[in-house]
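Heads up: the structure comes next, in structure tokens.
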Amino acid sequence: MFVFAEKEKDKLVDKDVFFVLLFTEMMKNNKTFHLIKTWDEARAYCREKYTDLAKVFDLTDMRRLQDSAQNQTEAWIGLYSEPGRDNRRWHWSLPGEEYTENETCWEAGEPNDGAYPENCVMKKDKWADYSCTSKFQFICYDGENMWTVT
């Protein structure tokens, strides 16, 4: 496992060497490395590399989502609400996909909007609304499968 030290003087390896080692280790040992992004950054990444952030329509999809997330406890999914609206409505980031209210997917007491506008959804065991500027791992969807980007 490679770690970037917090202080400049404590760097363990040169950045270029690190990426060569990282790529070599990924190819050799099939290791997982964590990408942590805001909701907007995660959506952009998923749209570039896959199709979009993950979507869930029913409990079967929720189980698939949990399976794809493996041991990840917190990860962005593609559910969001428009900021600044009085009548909050949730939407999937994937164009053309309608959100149907499903209380069984939400954590108890969620969505709650907390102390700040919380317009994006991340999954723990179930869903919770969070500020879109928070940073989490995320789950992408490619049209058939869900991929946890870690």
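In full-length UniProt numbering, the protein residues as written are 1 to 150. Beta carbons: idealized from backbone N, C-alpha and C, even for Gly.
Classification of residue i by the beta-carbon crowding that lies within 10 angstroms, buried from 16 upward
i: Asn-119; result: buried
i: Tyr-130; result: buried
i: Leu-35; result: exposed
i: Arg-43; result: buried
i: Gly-78; result: buried
i: Ala-128; result: buried
i: Glu-6; result: Low per-residue confidence applies at Glu-6: pLDDT is 33, beneath 50, and the placement is therefore not dependable, though the value from the model is reported in the following sentence. Exposed, by the Cβ-count rule.
i: Asn-29; result: Since pLDDT at Asn-29 reaches only 42, below the 50 mark, its modelled position is unreliable, and the value read off the structure follows with that caveat. The residue in question, Asn-29, is exposed, as its Cβ has fewer than 16 Cβ neighbours within 10 Å.
Among the options, the one whose alpha carbon lies nearest that of residue i
i: Gly-84; options: Asp-113, Trp-39 and Asp-52; result: Asp-113
i: Phe-138; options: Glu-74, Glu-101, Glu-98 and Pro-111; result: Glu-74
i: Met-62; options: Gly-109, Cys-132, Asn-102 and Pro-111; result: Asn-102
Separation of residue j from residue i, as counted between CA atoms
i: Trp-92; j: Cys-46; result: 13 Å
i: Leu-59; j: Gln-66; result: 10 Å
i: Arg-64; j: Tyr-116; result: 30 Å
i: Glu-98; j: Arg-89; result: 11 Å
i: Leu-53; j: Gly-109; result: 24 Å
i: Lys-31; j: Trp-39; result: Because the pLDDT of Lys-31 is 39, which lies under 50, any placement of that residue in the model is unreliable, and the number read from its coordinates should be weighed accordingly. Spanning the two alpha carbons is a distance of roughly 24 Å.
i: Asn-87; j: Cys-105; result: 20 Å
i: Thr-133; j: Thr-100; result: 25 Å
i: Glu-41; j: Met-122; result: 14 Å
i: Gly-96; j: Glu-82; result: 16 Å
i: Cys-140; j: Trp-76; result: 9 Å
i: Pro-111; j: Lys-37; result: 21 Å
Assumed close pair residue i, residue j - CB separation to whole angstroms, cut-off 8 Å
i: Ala-55; j: Leu-94; result: Residue identity differs from the one stated: residue 55 is Lys in this sequence, not Ala. Correct: roughly 5 Å between the Cβ atoms.
i: Glu-107; j: Lys-135; result: Not confirmed; about 19 Å, so no contact.
i: Asp-142; j: Tyr-80; result: Contact flag wrong, Cβ pair sits at about 20 Å.
Three-state secondary structure (DSSP) of residue i
i: Cys-140; result: strand
i: Asp-129; result: strand
i: Leu-59; result: helix
i: Lys-135; result: coil
i: Lys-49; result: helix
i: Ala-54; result: coil
i: Ala-42; result: helix
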